[in-house]
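Colleague: One structure, pasted below without further comment.
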Amino acid sequence: METMKVETIGKEIIKPSSPTPNNLRTLQLSIYDHILPPVYTVAFLFYTKNDLISQEHTSHKLKTSLSETLTKFYPLAGRINGVTVDCNDEGAIFVDARVNNCSLSDFFKCLDFLALQQLLPLDVVDNPYMAAATWPLLLVKATYFQCGGMAIGICISHKIADATSISTFIQSWAAMARGEAGDEVAGPQFAAANFYPPANEAFKFPVDEQANKRSSITKRFVFDASKLEELRTKVASAEAVDRPTRVESVTALLWKGFVAAASSTTTTCDLKVLIQPVNLRSKIPLLLSQSLVGNVMFSSVVLSVGQEGEVKIEEAVRDLQKKKNDLQIVIQDEEGSSSMIGSKLANLMLTNYLKMSYETHEPYTVSSWCKLPLYEASFGWGSPVWVTGNVAPAFGNLAMLVDSKDKKGIEAFVTLPEENMLSFEQNPELLAFASLNPSVLV
Numbered sequence: 003m004e005t006m007k008v009e010t011i012g013k014e015i016i017k018p019s020s021p022t023p024n025n026l027r028t029l030q031l032s033i034y035d036h037i038l039p040p041v042y043t044v045a046f047l048f049y050t051k052n053d054l055i056s057q058e059h060t061s062h063k064l065k066t067s068l069s070e071t072l073t074k075f076y077p078l079a080g081r082i083n084g085v086t087v088d089c090n091d092e093g094a095i096f097v098d099a100r101v102n103n104c105s106l107s108d109f110f111k112c113l114d115f116l117a118l119q120q121l122l123p124l125d126v127v128d129n130p131y132m133a134a135a136t137w138p139l140l141l142v143k144a145t146y147f148q149c150g151g152m153a154i155g156i157c158i159s160h161k162i163a164d165a166t167s168i169s170t171f172i173q174s175w176a177a178m179a180r181g182e183a184g185d186e187v188a189g190p191q192f193a194a195a196n197f198y199p200p201a202n203e204a205f206k207f208p209v210d211e212q213a214n215k216r217s218s219i220t221k222r223f224v225f226d227a228s229k230l231e232e233l234r235t236k237v238a239s240a241e242a243v244d245r246p247t248r249v250e251s252v253t254a255l256l257w258k259g260f261v262a263a264a265s266s267t268t269t270t271c272d273l274k275v276l277i278q279p280v281n282l283r284s285k286i287p288l289l290l291s292q293s294l295v296g297n298v299m300f301s302s303v304v305l306s307v308g309q310e311g312e313v314k315i316e317e318a319v320r321d322l323q324k325k326k327n328d329l330q331i332v333i334q335d336e337e338g339s340s341s342m343i344g345s346k347l348a349n350l351m352l353t354n355y356l357k358m359s360y361e362t363h364e365p366y367t368v369s370s371w372c373k374l375p376l377y378e379a380s381f382g383w384g385s386p387v388w389v390t391g392n393v394a395p396a397f398g399n400l401a402m403l404v405d406s407k408d409k410k411g412i413e414a415f416v417t418l419p420e421e422n423m424l425s426f427e428q429n430p431e432l433l434a435f436a437s438l439n440p441s442v443l444v
């Protein structure tokens, strides 16, 4: 297949349809927001052709409904200024684009990660790292394929939105486009700094100086429902292991592959560690609303292995389950307000992170978007035929897990240094349960 060419046909700034009140003009960032790298949380939604709606009508509907949605999600139209967001209605960027040399079915036949990145609007900013830390905090790109299919690429600064937040935004925007916005029970809440302590500019977090200098590559691995069932059953047959969830079993298998791939290359780090962000909204539902927008996660080292160490999947799952229980105990032991629990979790998280050094520790992250209702994002022309999510610009040693369309399988987008990926993608145990980049079936 020839290289896909994406041509920009329009770009405009979308502002909220009504001005943000003065009392909502400043949003405080939390300590968690502050320590996150300046990247975007991104989602891709793909739709097949709808003969009843023209491209012009689709574009108009997306822009007008986005403007109305920004009135509720007003910080997304603002600018980060230090440790606060200036909710100044500066606006979000909306890009219209088209692909003339490739149909959606061709694109799905041989999914290419670099082509996928072209469906994001980040080419309109000079420096995406700088932009994610200042402005624009929201960018959208609607790309129309020659067959009439379309892709919507959405980027929200990770400084103000985790995966649940981008899902909440998409559901709200889609409801607005369908004319059903009044049906929502609760609007978004921008109160993450009421849970975690507010950010402080004096606080500096260790950064990996090499992060953007390594050459990494991203590949897609698909675990279908039957193979996942097989993997879960295999793990559950071990002693003292509860039947793992889909995410636990895939996380353990990927971790084993990461460690094996790293041992085949030269590494100076003493310890490989696996970090797993956990969505806290479902852990503390009485105190944290699902509509809370921000970074409401707890990130911790859940697994570690020394330089010569090997990983056993069953033991990794057992350790993951223990960490999950430990977190639940910490939350239950701290009775009282959400800010008290937030302070305790922030202290725990920061204490653990500050023990790590990039000279001695090699961190990997597995982040799960499973169970997010992205396949329900209908703007009025049907549900998406395929969705995925990630961060952009992509960074190394990261796996993003997203539900497959049947909600039973899992798709993993794995980003590793090129030399590690060469070994990882040929790992026989991984390939016994996962397919490397199969066609997207719609």
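Going by the working numbering, the sequence shown runs without a break in its numbering and finishes at 444. We put the CB at the ideal spot given by N, CA and C, even for glycine. A quick note: this is a predicted structure, and the numbers were derived from the prediction, not measured.
Is the beta carbon of Val-237 sitting closer than 8 Å to the one on Leu-403?
Modeller: Not in contact: Val-237 and Leu-403 (Cβ atoms no closer than 8 Å).
Colleague: What is the DSSP secondary structure of Leu-6, reduced to helix, strand or coil?
Modeller: Note on identity: in this sequence residue 6 is Met, with Leu being the wrong assignment. Residue state, collapsed to three classes: coil.
Colleague: Can you tell which of Asn-392, Ile-16, Asn-90, Cys-372 has the C-alpha that lies nearest to the C-alpha of Asn-24?
Modeller: The shortest C-alpha separation from Asn-24 is found at Asn-90.
Colleague: Under 8 Å, with one C-beta from each stretch per pair, do the segment 136-153 and the segment 283-303 reach the 3-pair mark?
Modeller: Because the criterion of three Cβ pairs below 8 Å is not met, the segment 136-153 and the segment 283-303 do not touch.
Colleague: On the three-state DSSP scale, how would you describe Gln-323?
Modeller: Correct three-state label for Gln-323: helix.
Colleague: Verify whether the separation of the beta carbon atoms of Asp-321 and Leu-347 is less than 8 Å.
Modeller: No. Outside cutoff.
Colleague: Mind reading off the beta-carbon distance from Met-299 to Asp-405? Whole number of angstroms is fine, and I expect it under 8 Å.
Modeller: That belief does not hold up - the Cβ atoms of Met-299 and Asp-405 are roughly 18 Å apart, past 8 Å.
Colleague: How many Å lie between His-366 and Pro-430 at the Cα?
Modeller: Correcting the residue identity first, residue 366 is Tyr in this sequence and not His. Taking the straight line from one Cα to the other gives about 21 Å.
Colleague: Quick one: measure Cβ to Cβ for Ile-33 and Ala-201, integer angstroms, because I've assumed they're closer than 8 Å.
Modeller: Contact holds; Cβ gap of about 5 Å.
Colleague: DSSP state of Pro-395, grouped into three classes?
Modeller: DSSP places Pro-395 in coil when its eight states are reduced to three.
Colleague: Val-303 and Leu-329 - do their beta-carbons sit closer together than 8 Å?
Modeller: Cβ distance not < 8 Å, so Leu-329 and Val-303 don't count as in contact.
Colleague: Exposed or buried, what is Glu-250 when buried is set at 16 or more other beta-carbons lying within 10 Å of its beta-carbon?
Modeller: So Glu-250 ends up on the buried side.
Colleague: Anyone know if the C-beta pair for Phe-225 and Gly-411 falls short of 8 Å?
Modeller: Contact: yes.
Colleague: Measuring only the C-alpha atoms, how far is Ser-239 from Lys-325?
Modeller: Taking the straight line from one Cα to the other gives about 20 Å.
Colleague: Where do the N-terminal and C-terminal ends of the alpha helix (DSSP H) with Glu-231 fall, by residue?
Modeller: Run containing Glu-231: 227-238, per the alpha helix (DSSP H) assignment.
Colleague: Can you tell which of Ala-262, Lys-409, Trp-383, Ser-345 has its C-alpha closest to the C-alpha of Leu-376?
Modeller: Closest option to Leu-376, Cα to Cα, is Lys-409.
Colleague: With Ser-69 and Pro-18 assumed to form a contact (beta carbons below 8 Å), what rounded beta-carbon distance in angstroms separates them?
Modeller: Their Cβ separation, rounded to whole angstroms, is 6 Å, which keeps Ser-69 and Pro-18 in contact under 8 Å.
Colleague: Using the C-alpha atoms, what's the distance from Ala-79 back to Glu-92?
Modeller: For Glu-92 and Ala-79, the distance between alpha carbons rounds to 6 Å.
Colleague: Roughly how many angstroms lie between the CA atoms of Lys-63 and Ala-179, to the nearest whole one?
Modeller: Distance between the alpha carbons of Lys-63 and Ala-179: 6 Å.
Colleague: Count the other C-beta atoms from every protein chain shown that fall within 10 angstroms of the C-beta of His-59, then say buried if there are 16 or more, exposed otherwise.
Modeller: Its Cβ having fewer than 16 others within 10 Å, His-59 is exposed.
Colleague: Could you compute how far the alpha carbon of Ser-441 sits from the alpha carbon of Asp-108?
Modeller: In a straight line, the C-alpha of Ser-441 is about 9 Å away from that of Asp-108.
Colleague: Looking only at C-alpha atoms, which of Leu-116, Arg-248, Glu-420, Ile-15 sits nearest to Val-142?
Modeller: Of the candidates Leu-116, Arg-248, Glu-420, Ile-15, the one whose C-alpha sits nearest the C-alpha of Val-142 is Ile-15.
Colleague: Nearest to Asn-439 by CA position, among Lys-221, Glu-312, Gly-311, is which residue?
Modeller: Selected option, being the one with the closest Cα: Lys-221.
Colleague: Assuming the contact rule is C-beta atoms closer than 8 Å, Leu-139 and Ser-169 should be a hit. Round their C-beta distance to whole Å, please.
Modeller: Their Cβ separation, rounded to whole angstroms, is 17 Å, which puts Leu-139 and Ser-169 out of contact at 8 Å.
Colleague: Nearest by alpha-carbon distance to Cys-157: which of Ser-266, Phe-223, Trp-137 is it?
Modeller: Ranking Ser-266, Phe-223, Trp-137 by Cα distance to Cys-157 puts Trp-137 first.
Colleague: What does a CB cutoff of less than 6 Å around Glu-316 pick up in its chain, not counting 5 residues either side in sequence?
Modeller: Val-237, Ala-240, Val-243, listed in sequence order.
Colleague: What does DSSP give as the partner residue(s) for Ala-363 in the beta ladder?
Modeller: A small fix is needed here, since residue 363 is His in this sequence, not Ala. According to DSSP, His-363 bridges with Leu-273.
Colleague: Report the residue from Gly-308, Arg-248, Phe-48 whose alpha carbon sits nearest the alpha carbon of His-363.
Modeller: Among Gly-308, Arg-248, Phe-48, the Cα nearest to that of His-363 belongs to Gly-308.
Colleague: Checking the sheet assignment: what are the DSSP bridge partners for Tyr-146?
Modeller: DSSP output for Tyr-146 lists Arg-100, Met-152 as bridge partner(s).
Colleague: Compute the distance between the beta-carbons of Asn-297 and Leu-38, then report whether it is under 8 Å.
Modeller: It is a contact, given that the beta carbons lie within the stated cut-off.
Colleague: With distances taken Cα to Cα, identify the nearest neighbour of His-470 among Val-87, Phe-223, Val-368.
Modeller: Nothing about residue 470 can be reported from this structure: the residues present for the chain run from 3 to 444 only.
Colleague: Does DSSP put Met-351 in a helix, in a strand, or in coil?
Modeller: In this structure, Met-351 counts as helix in the three-state DSSP scheme.
Colleague: Along the chain, where does the beta strand (DSSP E) that runs through Arg-81 open and close?
Modeller: From DSSP, the beta strand (DSSP E) with Arg-81 extends over 81-83.
Colleague: Select from Ser-61, Pro-395, Leu-282 the residue whose C-alpha is nearest the C-alpha of Tyr-42.
Modeller: The shortest C-alpha separation from Tyr-42 is found at Pro-395.
Colleague: Chain C beta carbons: is any one of them nearer than 8 Å to that of Gly-150?
Modeller: The structure shown contains no chain C, having only a single protein chain.
Colleague: Between Thr-247, Phe-48, Ala-414, which lies nearest to Leu-400 when the distance is taken from Cα to Cα?
Modeller: The candidate whose alpha carbon is nearest that of Leu-400 is Ala-414.
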